[in-house]
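Remarks on the structure that follows.
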Ligand code: GLP
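Residue numbers (the numbering used here): 2 to 257.
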């Protein structure tokens, strides 16, 4: 099995395509008086997507009033207003610029007490179910092949859970935190089982640095060592790549 993938001339072009699919979903649901449930990701990768969604809101009247969002993950130990919290990231890069209702925004808490983490994770999964499940899940990919923070070894069936961050993941985050010693060691993430229940999944990846792991995830064995490889078993998942991120793919196998 391979996961379908689409190659675009730039991250912006790929992001326009994904944003237009999200806009169609939001508008169709709005016309039916229903919510659209989005699963959202952090990192540099989705930034052009969020910029395009903001543009659609400002210039083309796309309203987020019927959107319910669930983010993938959050660092343990960071207050919401910490500059590197995913709460801050999402508000700074998307939520503060569109008309989403604050009560429809969901992220795991980074400050939940240690003995309440498992209840908090179960409640997060339950809230997703209660909202009707995720219609469209946006993903990036870490250098370890992780989706969300599902580091190598996290099973395909995992529900939202506490995870220890891989050393590579912490190194990648170190510049933003001003040194690896400031990067949290744990996080709460939607598990792969939770992520794979989304009705549609779009994994975005840009740049040569992601080319090797993207190729492994799409064409390599389905393995806990590369959690993005689990998308091969999803009926409606696709990778959206720029040319550099697709540069190690064997083009003969492109099934789009
Ligand atoms: C973090 C996030 C992931 C993200 C990854 C890649 O680990 N938890 O959701 O996909 O970083 O980040 P970037 O998009 O900056 O390469």
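Cβ atoms here follow ideal geometry from the backbone N, Cα and C, with glycine treated the same way.
Between the region 41-61 and the region 223-239 there are fewer than three inter-stretch CB-CB distances shorter than 8 angstroms, so the stretches are not counted as touching. Here the C-alpha atom of residue 175 lies approximately 10 angstroms from the C-alpha atom of residue 185. A direct Cα-Cα distance of roughly 31 angstroms separates residue 242 from residue 81.
Ligand 1 never approaches residue 114 closely enough for any of its heavy atoms to be under 6 angstroms from the residue's Cβ. By the Cβ criterion, the region 88-107 is in contact with the region 55-70, since at least three pairs of Cβ atoms, one from each stretch, lie closer than 8 angstroms.
The three-state reading of DSSP puts residue 40 in strand, counting E and B together. Taken in chain order, the whole alpha helix (DSSP H) runs of length 4 or more contained in the region 76-149 are 87-94 and 118-131.
According to the DSSP secondary-structure assignment, residue 72 is paired through a beta bridge with 41. Under the three-state reduction of DSSP output, residue 50 falls in the helix class. In this structure, the C-beta of residue 74 approaches ligand 1 to less than 6 angstroms from one of its heavy atoms.
Residues 42, 148 and 204 of the same chain have their beta carbon placed closer than 6 angstroms to that of residue 140, with the five preceding and five following residues left out of the count. In the three-state DSSP reduction, residue 16 falls in the helix class (H, G or I).
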